[in-house]
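Asks: Take a look at this one; I'll ask things after.
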Amino acid sequence: MSSTLIIGAGPTGLAAALFLAERGVSPRIVEQAAEPSPYSKAFGVNPRTLSLLEGTGVTERLLSQGRRMTALNVWRRGRNCFRLDLAPVDHRYPFMLIHSQAESEAALADALAERGIGVERGVAFEGIEHGPAGLCVELRHRGGRAEETTAAVLLAADGAGSSVRKALGVDFPGSAFEEPWRLYDLVLDIPLAPDEAHAFLLDGGAAFAVRVRGDVWRLLGNVPDLPERLPETTAGRVTWESDFGISHRLAERLQVGAVCLAGDAAHIHSGLGARGMNLGIEDAYVFAVLASDGRIGEYDALRRPVVAKVMRQVERLTAVPRGRSFIAHLVRTLLPVLSPIMPAFAGSARTFILGLDHDVALSRGTP
Ligand SMILES: Cc1cc2nc3c(=O)[nH]c(=O)nc-3n(C[C@H](O)[C@H](O)[C@H](O)COP(=O)(O)OP(=O)(O)OC[C@H]3O[C@@H](n4cnc5c(N)ncnc54)[C@H](O)[C@@H]3O)c2cc1C
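Note that this note's numbering has the sequence shown beginning at 116, numbered continuously upward.
Take a look at the structure:
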């Protein structure tokens, strides 16, 4: 019997396995995909993630490969109405690290392999029962072989469509924006600071641009003809483009007995604030500490308030660039004239963007 079983080897599952290994627990981690995904949804690694992974070798590798994003600018009708310098924050990593999700996952998997733990690829979760001897789990290997295994503790890190969550009958309530958002990784000749992020409040929506490497930028937004909407910009070769939807959903329970939900299996929200992967890695850390200390029963009570609070903030913030509500419209219209008072909000905006607006709670009462 493998006592700790992790389903899914995205950033959440890989980080959970690594945090457990650091605490002397050797988990089993299974992943249905035969190969790692080459696509990089997440590009922002926040200071919290960098400090949680310190000492594993992963932070050091990410810092050597990534780029430091040091400020955020908000533009409206060609005018910079707000510039937020990220550096004045009390943390040893006072920046957002721009690093591709595919490479972050590779760094996590390599660190795990160095500790003698390999991801079992081509193995899918199919079902679960709580039995007298612990959890009874059905797995399906590539080629069709079925396996029944047992586990004392299981982490569902199998993404937004989580089969584990569905097998447990846990609801995933929330809402979805009806409009599609478009993402491009493309060459841009753009007259803007290359190591800063840029948000453009456009008529009918918004766009965001962050340089990912060389002259390739990640551009995303909810308006048609996106690259052409940016001022004084020439768009070149597109290396990846995709549509994605934005939903805000939180599982009604983050835990059923010894089964915990983490990362996108537990919560999904807009990418604004770059929280999805980072919050999943934080879930993974809390899970690993509790599982290795025999305190797994505390997981839901510790994580739910933190995740719910972050989600509320992300949802509110996303309303402004989306621009569909009256309040959002008001904020967008008034922003240029409010510029002089914006520095008053700089401190809380900075800690929110860097994911430092809460502590990692390991006991109740530490928010
Ligand atoms: C456009 C975009 C930009 C984003 N930018 C950022 C950002 O800058 N920063 C940030 O923090 N987040 C960002 N995110 C969110 C981030 O990508 C996700 O939150 C993150 O990938 C979630 O990781 P996860 O490990 O929880 O789930 P996933 O990455 O979905 O991994 C789940 C894994 O489980 C596997 N799996 C599924 N079902 C089974 C099964 N039955 N059996 C076995 N394995 C299974 C899947 O194959 C997959 O490998 C962004 C998202 C989008 C769409």
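Even for Gly, the Cβ is constructed at its ideal location relative to N, Cα and C.
Drop a sphere of 10 angstroms on the beta-carbon of Trp190, count the other beta-carbons inside from all chains shown, and report buried for 16 or more, exposed for fewer.
Replies: Trp190 is buried by the Cβ-count criterion.
Asks: Please name the residue in Thr354, Asp358, Trp332, Gly329 whose C-alpha comes closest to that of Val338.
Replies: Comparing Cα-Cα distances from Val338 to each of Thr354, Asp358, Trp332, Gly329, the minimum goes to Asp358.
Asks: Using a 10 Å radius around the Cβ and a threshold of 16 neighbouring Cβ atoms, would you call Ala423 buried or exposed?
Replies: Exposed, by the Cβ-count rule.
Asks: Compute the minimum distance between the beta carbon of Asp379 and the heavy atoms of ligand 3, and state whether it is under 8 angstroms.
Replies: Among the ligands present in this structure, namely ligand 1, ligand 3 is not found.
Asks: Taking 9 angstroms as the threshold (C-beta atoms), are Gly123 and Ser407 in contact?
Replies: Going by C-beta atoms, Ser407 is not nearer than 9 angstroms to Gly123.
Asks: Taking DSSP's pairing of strands, which residues face Phe315 in a bridge?
Replies: In DSSP, Phe315 forms a bridge with Trp190, Ala322.
Asks: On the DSSP bridge list, what partners appear for Gln428?
Replies: The partner list for Gln428 (beta bridge, DSSP) is empty, contrary to what the question assumes.
Asks: What would DSSP say about Ser215, mapped onto helix, strand or coil?
Replies: Coil.
Asks: Ordered along the chain, which non-local residues of its own chain (more than five positions away) have a Cβ less than 6 angstroms from that of Leu355?
Replies: Correcting the residue type first, residue 355 is Trp in the shown sequence and not Leu. The answer, listed in chain order, is Asp300.
Asks: Whose C-alpha, out of Asn188, Met426, Leu303, is nearest the C-alpha of Asp472?
Replies: Looking at the Cα atoms, Met426 is the closest of the given residues.
Asks: If you run the structure through DSSP and keep just helix, strand and coil, what is Phe197?
Replies: Looking at Phe197 - three-state DSSP - the assignment turns out to be strand.
Asks: With distance defined between alpha-carbon atoms, name the residue in Glu146, Ala186, Ser463 nearest to Ala308.
Replies: The shortest C-alpha separation from Ala308 is found at Ala186.
Asks: Count the CB pairs spanning the segment 144-157 and the segment 188-206 that are closer than 8 angstroms, and state whether there are at least three.
Replies: Judged by Cβ distances under 8 angstroms, the segment 144-157 makes no contact with the segment 188-206, as fewer than three pairs qualify.
Asks: Quick check on Thr349: buried or exposed, where buried means 16 or more other Cβ atoms within 10 Å of its Cβ?
Replies: With fewer than 16 other Cβ atoms within 10 Å, it is exposed.
Asks: For the segment 408-416 against the segment 378-393, do three or more pairs of beta-carbon atoms, one drawn from each stretch, fall closer than 8 angstroms, so that the two count as touching?
Replies: The segment 408-416, when compared against the segment 378-393, does not touch it at the 8 angstroms Cβ threshold.
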